[in-house]
Amino acid sequence: MSLFRCPLCAAPLEREAGAYRCPGGHSFDVAREGYVHLLPPNQKHSALPGDDRDMVLARRAFLSGGYYRPLLNTICSRILALSGEAPVLLDAGCGEGYYTAGVYRALLDAGRRPRMAGTDISKFALRAAARRERGVEFAVASSYRLPLADGSADVLLNCFSPLALEEFRRVLRPGGIFLYVVPGAEHLWEMKEILYERPYPNEEKETPYEGFAYREIVPVDGTVLLERREDLQNLFRMTPYFWKTPRAGAERLAALDRLEVRTSFRVHVFEKL
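Numbering (my numbering), first residue to last: 25 to 297.
Structure (structure tokens):
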């Protein structure tokens, strides 16, 4: 039985040859890459929602270079410490699957028996994610209408994606763990100094959320040296700055061959009450 539920009637889905089907007769084809589309047309805000092909390619190339490996290692260590022998996990807003696959493999390597799903609204991201890890179920779906049953997940991971708290509370079991990853105050500061005349730090705060109790906030700080123009541009393309930067700032960055830049993340760890 699949972790996913039918987005039309909420009945359990079962994966058969080439499709997911529910007892109500609804059927959803599996793409050749291995993901399924569970985002009904009335939940789409555009023809091709989410990250486009170029942004996904840039993120995949950059993350595959290992630059954010310390963050992945921290996420894996916290999930290993806080989950059981056979956890059910969801990566909501999973993108191209770098963190999803990393967590899944870390659990397998530790002798655990995970069942894991990843969701994102971008079909381009899901194509890459499904190719990266065949052992995880991937679906095009909105974080605000997650195709999972109530209380079905032991762990929910959300890295730099929309904070759909009502849905996260719904799908997590009582005592379940929620990891919310956000940038620290000076994340990519040196890049921002090049892009903008007056850069400002990201806001850092400890925000209590209804239905959750804080366990910890784990800082992950470091620096990366980007010695290829291609890596610099991939980093730029995978950030929101790509859409917000004045032309002059983008041109200043494009002229650089190398840059050492700070990385700063905060992993907020909550327990569902």
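Glycine is no exception: its CB is placed at the ideal position from the N, C-alpha and C atoms.
- By the Cβ rule, the stretch 269-276 does not count as touching the stretch 246-256, because fewer than three pairs are nearer than 8 Å.
- By DSSP's assignment, Ser-185 forms no beta bridge with any residue.
- C-alpha of Ala-163 to C-alpha of Ile-103: approximately 22 Å in a straight line.
- It is roughly 42 Å from the alpha-carbon of Glu-109 to the alpha-carbon of Lys-216.
- Separation of the CB atoms of Gly-42 and Val-54 is rounded to 5 Å, and the pair is thereby assigned contact status at 8 Å.
- Our two residues, Glu-190 and Asp-281, have alpha carbons roughly 44 Å apart in a direct line.
- The beta-bridge partner set that DSSP reports for Met-140 consists of Leu-113.
- Residue pairing from DSSP places Leu-172 in a beta bridge opposite Phe-28.
- Annotated three-state conformation of Ala-35 is coil, per DSSP.
- Under DSSP, His-61 forms a beta bridge with Val-164.
- The stretch 234-252 and the stretch 286-295 touch, with three or more beta-carbon pairs separated by less than 8 Å.
- The beta carbon of Ala-149 sits closer than 6 Å to those of Asp-75, Val-80, Gly-119 and Glu-120, all from its chain and outside the five residues before and after it, given in chain order.
- One Cα belongs to Leu-172, the other to Ala-125, and the distance between them is close to 19 Å.
- Pro-270 and Tyr-224 have their C-alpha atoms roughly 15 Å apart.
- Per DSSP, the beta-bridge partners of Asp-53 are Ala-43.
- Gly-142 is positioned such that its CB atom lies no closer than 8 Å to that of Arg-193.
- Less than 8 Å divides the Cβ of Ser-167 from the Cβ of Ser-185.
- Nearest to Ala-188 by alpha-carbon distance, out of Gly-117, Leu-113 and Pro-232, is Gly-117.
- With 16 or more other CB atoms across the displayed protein chains lying within 10 angstroms of its CB, Cys-100 is buried.
- DSSP places Ser-288 within a strand segment (E or B) once states are collapsed to three.
- By the 16-neighbour rule on beta-carbons within 10 angstroms, Arg-84 is buried.
- For the 8 Å CB-CB criterion, Asn-182 and Tyr-204 form a contact.
- Comparing alpha-carbon positions, the option among Pro-138, His-211, Ala-152 and Ser-176 lying closest to Ser-107 turns out to be Pro-138.
- Cβ-Cβ distances below 8 Å link Pro-36 to Met-25, Ser-26, Arg-29, Cys-30, Cys-46, Pro-47 and Ala-173 in the same chain, with the five nearest sequence neighbours on each side left out; the list follows chain order.
- A straight-line Cα-Cα distance of about 6 Å links Arg-151 and Glu-57.
- Within the same chain, and ignoring the five residues on either side of Arg-261 in sequence, the residues whose Cβ sits closer than 7 Å to its Cβ are Asp-78, Met-79 and Ala-82.
- DSSP lists Phe-294 as the beta-bridge partner residues of Tyr-238.
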